[in-house]
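Q:
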Amino acid sequence: MIIDSEAVAFDREKHKVLPFQLLSSRPRKNVVMSEIKVQVCLFPFDLIYLDGESMITKNLDTRRKVLRTRLKEIPDRIQFATARDMDSEEEIQAFFTESVEASCEGLMLKTLFENATYEPSKRSLNWLKLKKDYLSGMADSLDLVPIGAFYGKGKRTGVYGTYLLAVYDPNEGEYQSCCKVATGFTDEFLDKHYDHHKDNVIPRKRADYVVTDKMTPDVWLDATQVWEIQCADLSISPVHTG
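Residues 576 to 817 in this note's numbering are what the sequence shown spells out, letter by letter.
#1: Do L739 and P792 have their beta-carbon atoms positioned less than 7 Å apart in this structure?
#2: Touching or not, the segment 671-684 and the segment 646-655, by the rule of three or more beta carbon pairs under 8 Å?
#3: Rounding to the nearest angstrom, what Cα-Cα distance links A782 and H772 in this structure?
#4: Could you give the residue range of the alpha helix (DSSP H) that holds L575?
#5: Assign Y624 to buried or exposed, taking buried as 16 or more other Cβ atoms, counted over all protein chains shown, within 10 Å of its Cβ.
#6: Please state the DSSP three-state secondary structure of M713.
#7: Please report the distance separating the alpha-carbon of T737 from that of R731.
#8: Go to E664, then tell me how far its alpha helix (DSSP H) extends in each direction, as first and last residue.
#9: In whole angstroms, what is the alpha-carbon distance linking K789 and S752?
#10: What beta strand (DSSP E) runs, 3 residues minimum, are completely inside the segment 730-815?
#11: For E665 and L684, I'd like the C-alpha separation in whole angstroms.
#12: Measuring CB to CB, does A691 end up less than 7 Å from N634?
#13: Helix, strand or coil, according to DSSP, for E610 in the structure here?
#14: Taking all protein chains shown into account, decide if A582 is buried (16 or more other Cβ within 10 angstroms of its Cβ) or exposed.
#15: Can you list, in chain order, the residues of its chain whose CB lies under 7 Å from that of L597, leaving out five sequence neighbours each side?
#16: Are there three or more Cβ pairs, one per stretch, closer than 8 Å when the segment 742-762 is compared with the segment 714-726?
#17: Can you give me the C-alpha to C-alpha distance between T761 and L705, rounded to a whole angstrom?
#18: Consult DSSP for L597 and reduce its assignment to one of helix, strand or coil.
#19: Which whole-angstrom value describes the C-beta separation of V786 and E749, a residue pair presumed to lie in contact below a C-beta threshold of 8 Å?
#20: Using a threshold of 7 Å, state whether the C-beta atoms of V776 and V756 are closer than that.
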């Protein structure tokens with residue numbers, strides 16, 4: 576059996592999904608079972624292969640029914656992804672709100688019967704991702720200051736492709752690292768801000784920059800701009816200080 580699923584950090588005592596950043600902090604090699612602190616739960620949602628037969632040409636309704644018949648749930652360890660069959664925008668909106676309140680990223684909207692085959696590694700209008708940062712007024716936003724940058728690769732060679740951003744703490748008078756940002760930039764934006772920040776490169780980290788040693792950019796920047804950053808969610812980082 577080959578399934579499609581999502582592994583997430585999970586609190587087995589409270590029976591709830593935890594922020595995805597916790598999963599990235601989980602050791603991947605030489606793991607001692609007794610020392611594992613971040614538990615995971617697997618959420619299967621699709622069936623690709625079963626008993627020597629490919630299932631990808633069957634519609635989603637059939638694949639889902641067979642999956643739930645042949646795979647056994649184990650509470651807080653293997654649980655079928657929550658699904659709901661809907662026909663109206665009102666139903667989608669209500670289910671989307673439930674997902675956000677349950678600390679999920681959002682919804683995956685899929686056709687059940689027509690054009691409902693499994694299409695691996697392919698973008699399709701039959702599968703649509705709905706996240707709160709896609710919807711006006713639902714995303715969180717922060718005012719952050721670029722304090723460092725990483726050189727771009729590939730299409731972004733010759734400019735800064737990723738920026739290290741910080742939040743200013745007026746009580747302490749310091750800039751605390753908050754996140755790295757590499758998405759949402761247009762080519763025009765990257766060119767413009769590379770030209771701007773070329774004159775703001777400083778030889779070393781400023782004394783009022785609070786950044787862990789694990790987060791060292793290619794160049795440090797003087798704090799000269801404030802950017803409004805839109806994000807899908809806010810969570811505690813094991814790496815950043817702000």
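In this text, a Cβ means the ideal position worked out from N, Cα and C, and glycines have one as well.
A: Quick look at the numbers:
#1: Counting from one through the sequence shown, the residue named residue 792 turns up at place 217. Counting from one through the sequence shown, the residue named residue 739 turns up at place 164. Cβ distance < 7 Å, so P792 and L739 count as in contact.
#2: no
#3: As a working note, residue 782 is residue 207 in the sequence shown. As a working note, residue 772 is residue 197 in the sequence shown. The straight-line gap from Cα to Cα measures roughly 19 Å.
#4: Coverage of the chain is limited to positions 576 through 817, which leaves residue 575 absent and any answer about it impossible.
#5: Walking along the sequence shown from the start, residue 624 turns up at place 49. Exposed is the call here.
#6: Along the sequence shown, one-based indexing puts residue 713 at 138. Because the pLDDT at M713 is just 48, under 50, the model does not fix this residue reliably, and the value given afterwards should be weighed accordingly. The answer is coil: DSSP assigns M713 none of H, G, I, E or B.
#7: Counting from one through the sequence shown, the residue named residue 737 turns up at place 162. Counting from one through the sequence shown, the residue named residue 731 turns up at place 156. Looking at the two C-alpha atoms, the distance is approximately 9 Å.
#8: Locating residue 664 in the sequence shown gives position 89, counting from the first residue. Run containing E664: 664-676, per the alpha helix (DSSP H) assignment.
#9: Walking along the sequence shown from the start, residue 789 turns up at place 214. Walking along the sequence shown from the start, residue 752 turns up at place 177. C-alpha separation (whole angstroms): 11 Å.
#10: 735-744, 749-756, 794-796, 802-806
#11: Residue mapping note: residue 665 aligns to position 90 of the sequence shown, counting from 1. Residue mapping note: residue 684 aligns to position 109 of the sequence shown, counting from 1. Their backbone Cα atoms lie some 14 Å apart in a straight line.
#12: In the sequence shown, counting from the first residue as 1, residue 691 sits at position 116. In the sequence shown, counting from the first residue as 1, residue 634 sits at position 59. Cβ distance < 7 Å, so A691 and N634 count as in contact.
#13: On the sequence shown, residue 610 is found 35 positions in, with the first residue counted as 1. Here E610 sits in helix by DSSP.
#14: For the purposes of this step, residue 582 is identified with residue 7 of the sequence shown, where counting begins at 1. Exposed.
#15: What you label residue 597 is simply residue 22 of the sequence shown in a count that begins at 1. Around L597: A584, V613.
#16: yes
#17: One-based indexing of the sequence shown puts residue 761 at position 186. One-based indexing of the sequence shown puts residue 705 at position 130. Using only the alpha carbons, I get a separation of about 22 Å.
#18: By one-based count along the sequence shown, residue 597 stands at place 22. Correct three-state label for L597: helix.
#19: Translated into the one-based positions of the sequence shown, residue 786 becomes position 211. Translated into the one-based positions of the sequence shown, residue 749 becomes position 174. Not really, about 10 Å apart at Cβ, beyond 8 Å.
#20: Translated into positions along the sequence shown, residue 776 becomes position 201. Translated into positions along the sequence shown, residue 756 becomes position 181. Taking 7 Å as the Cβ cut-off, V776 and V756 do not qualify as a contacting pair.
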